[in-house]
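Chemist: Here you go, one structure.
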Amino acid sequence: MKNTALLSQIALTLVPHIGAVQARMLINHFGDPEAIFRASKTELSSIGYIGEVRASAIRHFNNFEAAEQQIRFIEKYNITPLFITDPAYPQRLTHCPDAPVLLYFKGNANLNSNKVISIIGTRGNSSYGRHITQQLVTDLAELAENDLLITSGLAMGIDAIAHATALQVGLPTVGVLAHGLDTVYPSQHRHLAKDMLHAGGLLTEYCWNVAPDKYNFPKRNRIVAGMADAIIVIETGTKGGSIITAELACSYNREVFAIPGRITDPGSKGCLSLIADNKAALLSGAKQLFQMMRWPHNQPPEPALTTTLNTLRAEEQFVIDCCRQHEIITLEELYNTCNLSNVSTLLVQMELKGLILSLPGKRYTLPPSLLRHLS
Numbered sequence: 001m002k003n004t005a006l007l008s009q010i011a012l013t014l015v016p017h018i019g020a021v022q023a024r025m026l027i028n029h030f031g032d033p034e035a036i037f038r039a040s041k042t043e044l045s046s047i048g049y050i051g052e053v054r055a056s057a058i059r060h061f062n063n064f065e066a067a068e069q070q071i072r073f074i075e076k077y078n079i080t081p082l083f084i085t086d087p088a089y090p091q092r093l094t095h096c097p098d099a100p101v102l103l104y105f106k107g108n109a110n111l112n113s114n115k116v117i118s119i120i121g122t123r124g125n126s127s128y129g130r131h132i133t134q135q136l137v138t139d140l141a142e143l144a145e146n147d148l149l150i151t152s153g154l155a156m157g158i159d160a161i162a163h164a165t166a167l168q169v170g171l172p173t174v175g176v177l178a179h180g181l182d183t184v185y186p187s188q189h190r191h192l193a194k195d196m197l198h199a200g201g202l203l204t205e206y207c208w209n210v211a212p213d214k215y216n217f218p219k220r221n222r223i224v225a226g227m228a229d230a231i232i233v234i235e236t237g238t239k240g241g242s243i244i245t246a247e248l249a250c251s252y253n254r255e256v257f258a259i260p261g262r263i264t265d266p267g268s269k270g271c272l273s274l275i276a277d278n279k280a281a282l283l284s285g286a287k288q289l290f291q292m293m294r295w296p297h298n299q300p301p302e303p304a305l306t307t308t309l310n311t312l313r314a315e316e317q318f319v320i321d322c323c324r325q326h327e328i329i330t331l332e333e334l335y336n337t338c339n340l341s342n343v344s345t346l347l348v349q350m351e352l353k354g355l356i357l358s359l360p361g362k363r364y365t366l367p368p369s370l371l372r373h374l375s
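Numbering (full-length UniProt numbering), first residue to last: 1 to 375.
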């Protein structure tokens, strides 16, 4: 086998008891997998959280044939291996401590696009969820000034609707899989997955013979959460993969948004819970997302904003000045700075006027349209 570096990279992911976190520690210490396999048991066990059991597993690992089979598979099907030090590896994901050290990608999308949005939700979506997802993705395509990538998990329901709509409106879309690239799950999405290969792609951390085991899906979700700038939840219950992904995104300091529905709908309960717990910001549409992410877009500023600025109250001007100084300010900081008893009410009024944006975690910032007026 000529490519010894790739062989060692794949082999490292196959060593028993070595997960993504431990593999990352070893790479940070030794530099590359080849050096890891050359290291002595004493050297290995001296690394934090490795210990003798994992050190022995590395020293006694001899299943390089499985790694060779994976190399033959990726070469046959033109699959790109992405090691964590590769510039083409999703760079946003490298900031997550449990990021997989090796990914396999088939497709043509730029995984490091200027804007990456993960859209997730229930498998059992309603007609409302379908409509909202289609409208959101369509509007995102109209607003995007440069490359924007839509990612999801290729599951039934909201995931598939997001992927399919992205293809229809000309946005690249990548499906993150919980199995190897030798299969597509669910099988109903084979044609969708095939289309995505020409306008996006498929991404996984699993070797060719790994089946869609139920334990793989929560692990898959961390990639969906970690490789994106923003995660949008559309219809979900209070438990399940979408909630897991949203909570992972929060732990990675990603911006999480949820689109609410009717309070009587089961698919609204998870979104409403995320909003109520300050784990997600309420989202009403694509334009609001671009504003909250401070992304430039094709829409002109609101014409009524000039009139609004000319009639500012003193307390509104004070809040704007505070936000300009801090860029992003918390509700507590505003309470302490403004010394006003009605700060929460004031902020709601200012948000309705388009003077301020509410971010997850009770944080506030100025919308780009206002900043352009003030500059």
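The C-beta atom is built at its ideal place from N, Cα and C for all residues, glycine as well. If you're wondering where the values come from, they're calculated on a predicted model, not measured in any experiment.
Pick helix, strand or coil for residue 15, following the three-state DSSP scheme.
Modeler: Position 15 of the sequence shown, counting from 1, holds the residue named residue 15. Residue state, collapsed to three classes: coil.
Chemist: Between the Cα of residue 139 and those of 332, 129, 171, spot the shortest distance and give me the residue it belongs to.
Modeler: Residue mapping note: residue 139 aligns to position 139 of the sequence shown, counting from 1. Of 332, 129, 171, the residue nearest in Cα terms is 171.
Chemist: In chain order, what residues of the same chain lie with their CB nearer than 8 Å to the CB of residue 17, ignoring the 5 residues before and after it?
Modeler: In the sequence shown, the residue the question calls residue 17 occupies position 17. Cβ within range, chain order: 53, 54, 57.
Chemist: If the criterion is Cβ atoms closer than 7 Å, does the pair residue 366 and residue 323 meet it?
Modeler: Taking the sequence shown and counting its residues from 1, the one referred to as residue 366 is at position 366. Taking the sequence shown and counting its residues from 1, the one referred to as residue 323 is at position 323. Yes, they are a contact pair.
Chemist: Return the CA-CA distance between residue 237 and residue 314, expressed in angstroms with no decimal places.
Modeler: On the sequence shown, position 237 is the one that residue 237 refers to. On the sequence shown, position 314 is the one that residue 314 refers to. One C-alpha to the other measures close to 43 Å.
Chemist: Checking the sheet assignment: what are the DSSP bridge partners for residue 201?
Modeler: As a first step, residue 201 is located in the sequence shown; it is residue number 201 there, counting from the start. Bridge partners of residue 201: 107, 174.
Chemist: Do you know how far the Cα of residue 192 is from the Cα of residue 199?
Modeler: Counting from 1 along the sequence shown, the entry for residue 199 is found at position 199. Counting from 1 along the sequence shown, the entry for residue 192 is found at position 192. Approximately 11 Å between the Cα atoms of the pair.
Chemist: Does the distance from the C-beta atom of residue 358 to that of residue 351 stay below 7 Å?
Modeler: Along the sequence shown, one-based indexing puts residue 358 at 358. Along the sequence shown, one-based indexing puts residue 351 at 351. Yes, the pair counts as a contact, with Cβ atoms nearer than the cut-off.
Chemist: Out of 362, 155, 311, which one is the CA nearest neighbour of residue 355?
Modeler: Indexing the sequence shown from 1 puts residue 355 at position 355. If we check each option's Cα against that of residue 355, 311 comes out closest.
Chemist: With a 10 Å radius around its C-beta and 16 neighbouring C-beta atoms as the bar for buried, classify residue 218 as buried or exposed.
Modeler: Position 218 of the sequence shown holds residue 218. Exposed.
Chemist: Which runs of the alpha helix (DSSP H), 4 residues or longer, sit entirely within the segment 26-73?
Modeler: 33-38, 41-45, 51-59
Chemist: Quick check: the Cα distance between residue 268 and residue 259, rounded to an integer number of angstroms?
Modeler: Looking up residue 268 in the sequence shown gives position 268. Looking up residue 259 in the sequence shown gives position 259. Near 8 Å, if we compare the C-alpha coordinates of residue 259 and residue 268.
Chemist: Let me know if residue 6 comes out buried or exposed under the rule of 16 or more other beta-carbons within 10 Å of its beta-carbon.
Modeler: Numbered from its first residue, the sequence shown carries residue 6 at position 6. Buried is the call here.
Chemist: If we count the other Cβ atoms within 10 Å of its Cβ and call it buried at 16 or more, is residue 9 buried or exposed?
Modeler: For this step, residue 9 is matched to residue 9 along the sequence shown. Classification of residue 9: buried, given that the 10 Å Cβ count is 16 or more.
Chemist: Roughly how many whole angstroms lie between the Cα atoms of residue 330 and residue 348?
Modeler: One-based indexing of the sequence shown puts residue 330 at position 330. One-based indexing of the sequence shown puts residue 348 at position 348. When rounded, the distance between both Cα atoms is 14 Å.
Chemist: Just reading off the beta strand (DSSP E) that residue 364 is part of, what are its end residues?
Modeler: Indexing the sequence shown from 1 puts residue 364 at position 364. 363-365 is the span of the beta strand (DSSP E), which, as asked, contains residue 364.
Chemist: Taking the straight line between their C-alpha atoms, what separation do you get for residue 95 and residue 264?
Modeler: Within the sequence shown, numbered from 1, the residue matching residue 95 stands at position 95. Within the sequence shown, numbered from 1, the residue matching residue 264 stands at position 264. Residue 95 and residue 264: Cα-Cα distance of roughly 38 Å.
Chemist: List the whole-angstrom C-beta distance separating residue 158 from residue 122, where the pair is believed to meet the contact cut-off of C-beta under 8 Å.
Modeler: Residue mapping note: residue 158 aligns to position 158 of the sequence shown, counting from 1. Residue mapping note: residue 122 aligns to position 122 of the sequence shown, counting from 1. Correct: roughly 6 Å between the Cβ atoms.
Chemist: Are residue 178 and residue 216 closer than 7 Å when you measure CB to CB?
Modeler: Within the sequence shown, residue 178 is the residue found at index 178, counting from 1. Within the sequence shown, residue 216 is the residue found at index 216, counting from 1. Against a cut-off of 7 Å, the Cβ pair of residue 216 and residue 178 comes out as a contact.
Chemist: With a floor of 3 residues, list each beta strand (DSSP E) that falls wholly inside the segment 252-315, ordered by position along the chain.
Modeler: 255-259
Chemist: Comparing alpha-carbon positions, which option in 37, 116, 29 lies nearest residue 290?
Modeler: Stepping through the sequence shown from its first residue, residue 290 is reached at position 290. If we check each option's Cα against that of residue 290, 116 comes out closest.
Chemist: Excluding the 5 residues preceding and the 5 following residue 303 in the sequence, name in chain order all residues of the same chain whose CB lies nearer than 8 Å to its CB.
Modeler: Within the sequence shown, the letter at position 303 stands for residue 303. Interpretation of residue 303 is limited by its pLDDT of 49, a score under 50 that renders its predicted location unreliable; no figure is taken from the coordinates.
Chemist: Since residue 175 and residue 156 are thought to touch, with beta carbons under 8 Å apart, how far apart are those beta carbons, to the nearest angstrom?
Modeler: Your numbering for residue 175 matches position 175 in the sequence shown. Your numbering for residue 156 matches position 156 in the sequence shown. 12 Å between Cβ atoms; not a contact.
Chemist: Please state whether DSSP places residue 76 in a helix, a strand or coil.
Modeler: As a working mapping, residue 76 is identified with position 76 in the sequence shown. Residue 76: helix per DSSP, three-state reduction.
Chemist: Could you tell me whether the Cβ atoms of residue 166 and residue 150 are closer together than 7 Å?
Modeler: Taking the sequence shown and counting its residues from 1, the one referred to as residue 166 is at position 166. Taking the sequence shown and counting its residues from 1, the one referred to as residue 150 is at position 150. Result yes, Cβ atoms of residue 166 and residue 150 sit closer than 7 Å.
Chemist: So, using beta-carbon positions, are residue 246 and residue 360 closer together than 7 Å?
Modeler: In the sequence shown, counting from the first residue as 1, residue 246 sits at position 246. In the sequence shown, counting from the first residue as 1, residue 360 sits at position 360. No, the pair does not count as a contact, with Cβ atoms beyond the cut-off.
Chemist: CA-CA distance, residue 346 and residue 249?
Modeler: For the purposes of this step, residue 346 is taken as residue 346 along the sequence shown, with counting starting at 1. For the purposes of this step, residue 249 is taken as residue 249 along the sequence shown, with counting starting at 1. Residue 346 and residue 249: Cα-Cα distance of roughly 30 Å.
Chemist: Just to confirm before moving on: does the CB-CB distance between residue 11 and residue 99 stay below 7 Å?
Modeler: In the sequence shown, the residue the question calls residue 11 occupies position 11. In the sequence shown, the residue the question calls residue 99 occupies position 99. Contact check for residue 11 against residue 99 fails: the beta carbons are separated by 7 Å or more.
Chemist: Can you give me the Cβ contacts of residue 136 inside the same chain, cut-off strictly under 6 Å, excluding the 5 residues immediately before and after it?
Modeler: Taking the first residue of the sequence shown as 1, we reach residue 136 at position 136. Answer for residue 136: 286, listed in chain order.
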